[in-house]
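Visitor: Take a look at this one; I'll ask things after.
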Amino acid sequence: MTARITADWLHEPALQAVFDALETDGDTARVVGGAVRNTLLGLPATDIDISTTAEPSAVMEKAAAHGLKAVPTGFDHGTVTLVTRGTPYEVTSLREDVETHGRSATVRFGRSWQHDAERRDFTMNALYCDRHGIVYDPVGGLPDLQARHVRFIGDPRLRIAEDYLRILRFFRFHAQYGAGDLDAAGIAAVTELRDGLAGLSAERIGMEMRKLVSAPRAAETIQAMRDAGIVSRVLATHSGLRPFRDLRALDALAPEACSPALALAVLSDGGEADLDDMADHLRLSNAERKRMKAARSASDIACGWGEARPAPVSDTEIRRLLFLAGREAAIDGLLHAWANAGTGPEDPVFLPALERLREAEVPVFPVTGKDLLAAGVPAGPGIGEALARAQAAWIDSGFSLDRAALVAVATGAAGSRR
Numbered sequence: 072m073t074a075r076i077t078a079d080w081l082h083e084p085a086l087q088a089v090f091d092a093l094e095t096d097g098d099t100a101r102v103v104g105g106a107v108r109n110t111l112l113g114l115p116a117t118d119i120d121i122s123t124t125a126e127p128s129a130v131m132e133k134a135a136a137h138g139l140k141a142v143p144t145g146f147d148h149g150t151v152t153l154v155t156r157g158t159p160y161e162v163t164s165l166r167e168d169v170e171t172h173g174r175s176a177t178v179r180f181g182r183s184w185q186h187d188a189e190r191r192d193f194t195m196n197a198l199y200c201d202r203h204g205i206v207y208d209p210v211g212g213l214p215d216l217q218a219r220h221v222r223f224i225g226d227p228r229l230r231i232a233e234d235y236l237r238i239l240r241f242f243r244f245h246a247q248y249g250a251g252d253l254d255a256a257g258i259a260a261v262t263e264l265r266d267g268l269a270g271l272s273a274e275r276i277g278m279e280m281r282k283l284v285s286a287p288r289a290a291e292t293i294q295a296m297r298d299a300g301i302v303s304r305v306l307a308t309h310s311g312l313r314p315f316r317d318l319r320a321l322d323a324l325a326p327e328a329c330s331p332a333l334a335l336a337v338l339s340d341g342g343e344a345d346l347d348d349m350a351d352h353l354r355l356s357n358a359e360r361k362r363m364k365a366a367r368s369a370s371d372i373a374c375g376w377g378e379a380r381p382a383p384v385s386d387t388e389i390r391r392l393l394f395l396a397g398r399e400a401a402i403d404g405l406l407h408a409w410a411n412a413g414t415g416p417e418d419p420v421f422l423p424a425l426e427r428l429r430e431a432e433v434p435v436f437p438v439t440g441k442d443l444l445a446a447g448v449p450a451g452p453g454i455g456e457a458l459a460r461a462q463a464a465w466i467d468s469g470f471s472l473d474r475a476a477l478v479a480v481a482t483g484a485a486g487s488r489r
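Okay, here's the thing in structure tokens:
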């Protein structure tokens, strides 16, 4: 099977300048991996990585001779970043594995495209194209890509033993690009070698899981991971997959459903302690942890909307959730509640509520702590308590009380406390 790429990115002057520099003194260069794979699938190509027969020191020299900026980002591992016209390109010398360690490898530089391909993970990731767009397929990746079949190169057990993260990548690539059933030999290998996941860092596991839970076929793939005994090894806590599957069914209505933080919150579906455990286990950022908790908290309000069906959600309730949670958390909370309700994309309560949460203005409380200080409320904890009571009164009034009335409520509450 043969193929040729005609994508615009291939003919960018910046990329062609890199080819001009590398393809001197008998060396060759080819784009490899994701850019080739995605272009052939009709998907956007993001990072454009290049492989070359030139060794890293030669890449640096060639760049200097052609006026390109060269940064030795991973020099010992064969990677140099070339920057031209403001665009960075990672250039990696062809490599062969000398020794593997389960999460890293000792390599030597070579000139064999076949050997370089054989050390990669999946056949669809070992596709190369030259500067003219001609695709080279050393390991049979084109038929697998056409079938959207994620298959390890050679013996799956050997590929996994080279880096146990490939267990998660196997599932993640299927969730992102796959069709049909998971590769049988791959499933057998990841099941057999799943204990190797224990040696991986939480950061590496977290990075893969973020991508996996937001992929198009995440729900069925995580079910396959559970069947293979993988989920319990990578998630500190997890519930049934039904709410997660229903969340992903809302993708077309709400791109927020693809948020890794929301997806993980629904997948956990536990209390705050469970969310903290998951965030710690996957080394999630503080922002991701905060979003998970905010979604879970907001869902408590939105769940009540579903329980009150068929009554529509009132304007006051829409504004209340927006005021208490903010727009992002309000929408996340609605989607969280919707997924747990399992009522489908056409739910007559949640669907219109989603649009109203998008369109309504977020109420801005018209009173501040400075206003209360000016009104004579002494500094200290009484300020916060007075503001909270005024906010509750504002919500109860349907957000109709004006600033003067709210200050009166707040100062009256503070005065009754003294």
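Residue numbers (the numbering used here): 72 to 489. Positions of the beta carbon are idealized from the N, C-alpha and C atoms, including for glycine. Bear in mind that the values here come from a model prediction, so they are computed numbers and not experimental data.
What are the partner residues of L153, as DSSP defines its beta bridges?
Guide: According to DSSP, which records beta bridges pairwise, L153 is partnered with A141 and Y160.
Visitor: According to the Cβ coordinates, are A74 and V206 closer than 8 Å?
Guide: yes
Visitor: Tell me the DSSP secondary structure of A479 in three-state form.
Guide: helix
Visitor: Measuring straight from C-alpha to C-alpha, what distance separates R360 and A286?
Guide: 20 Å
Visitor: For E366 versus G397, is the C-beta distance shorter than 8 Å?
Guide: The sequence shown places Ala at residue 366, rather than the Glu named in the question. Not closer than 8 Å, so no.
Visitor: Just to confirm the assignment, what range does the alpha helix (DSSP H) spanning I238 have?
Guide: For I238, the enclosing alpha helix (DSSP H) starts and ends at L236 to Y248.
Visitor: Starting from A100, follow the beta strand (DSSP E) in both directions and report where the run begins and ends.
Guide: For A100, the enclosing beta strand (DSSP E) has its first and last residue at A100 to V103.
Visitor: Which one of A125, D120 and V89 has the shortest CA to CA distance from D98?
Guide: A125
Visitor: Which same chain residues, not among the five before or five after A484, have their C-beta less than 8 Å away from its C-beta?
Guide: Note that A484 scores 48 on pLDDT, short of 50, meaning its location in the model is unreliable; the coordinates nonetheless yield the value given after this. Closer than 8 Å at Cβ, skipping near neighbours: E456, A457, R460 and A461.
Visitor: Between which residues of its own chain and P127 is the CB-CB distance below 6 Å, once the five residues before and five after are set aside?
Guide: F146, G149, V151 and S164
Visitor: Counting C-beta neighbours from all protein chains within 10 Å, is the total for R243 16 or more, i.e. buried, or is it exposed?
Guide: buried
Visitor: Excluding five sequence neighbours on each side, which residues of the same chain lie with their C-beta closer than 6 Å to the C-beta of I372?
Guide: Within the same chain, and ignoring the five residues on either side of I372 in sequence, the residues whose Cβ sits closer than 6 Å to its Cβ are L392.
Visitor: Expressed to the nearest angstrom, what Euclidean distance is found between the alpha-carbon atoms of A481 and L355?
Guide: 39 Å
Visitor: Suppose the cutoff is 7 Å on Cβ atoms and the five residues either side in sequence are ignored; what does the same chain contact list for P115 look like?
Guide: Cβ neighbours of P115 beyond the five flanking positions: N109.
Visitor: Return the CA-CA distance between I76 and V142, expressed in angstroms with no decimal places.
Guide: 28 Å
Visitor: So D120 is in the beta strand (DSSP E); what residue range does that whole segment cover?
Guide: D120 to T123
Visitor: With a threshold of 16 other CB atoms inside 10 Å of the CB of D215, please say whether the residue is buried or exposed.
Guide: buried
Visitor: Report yes or no: do three or more beta-carbon pairs, one from the segment 311 to 320 and one from the segment 281 to 295, lie closer than 8 Å?
Guide: Yes, they touch.
Visitor: Can you tell me where the alpha helix (DSSP H) with P314 in it begins and where it stops?
Guide: R313 to R319
Visitor: Which residue spans inside the segment 348 to 406 form an unbroken alpha helix (DSSP H) run of at least 4?
Guide: Counting only runs of 4 or more, we get 357 to 378 and 386 to 396.
Visitor: Taking the alpha carbon of A129 as the point to measure from, which residue in I119, A100 and A246 has its own alpha carbon closest?
Guide: A100
Visitor: Can you tell me which of the three DSSP states I224 falls into?
Guide: Coil.
Visitor: Output the distance between the C-alpha atoms of A273 and M349, rounded to the nearest integer angstrom.
Guide: 11 Å
Visitor: Which value, in whole angstroms, describes the spacing of the CA atoms of P209 and V107?
Guide: 14 Å
Visitor: Output the distance between the C-alpha atoms of V154 and V89, rounded to the nearest integer angstrom.
Guide: 9 Å
Visitor: Write down the C-beta distance between P416 and L324 rounded to the nearest angstrom, noting that I regard them as a contact closer than 8 Å.
Guide: 6 Å
Visitor: When you compare each of F193, C329, M278 and A328 to L306 by their alpha carbons, which one comes out closest?
Guide: Cα-wise, what sits closest to L306 is M278.
Visitor: Which value, in whole angstroms, describes the spacing of the CA atoms of L68 and D266?
Guide: There is simply no residue 68 to check, as the chain begins at 72 and stops at 489 in what is shown.
Visitor: Do G104 and N196 have their C-beta atoms closer together than 8 Å?
Guide: Result yes, Cβ atoms of G104 and N196 sit closer than 8 Å.
Visitor: Around the C-beta of D435, are 16 or more other C-beta atoms found within 10 angstroms, so that it is buried, or is it exposed?
Guide: Before going on, a small fix: residue 435 reads as Val here, not Asp. Answer is exposed; the Cβ neighbour count stays below 16.
Visitor: How many Å lie between H82 and I121 at the Cα?
Guide: Near 14 Å, if we compare the C-alpha coordinates of I121 and H82.
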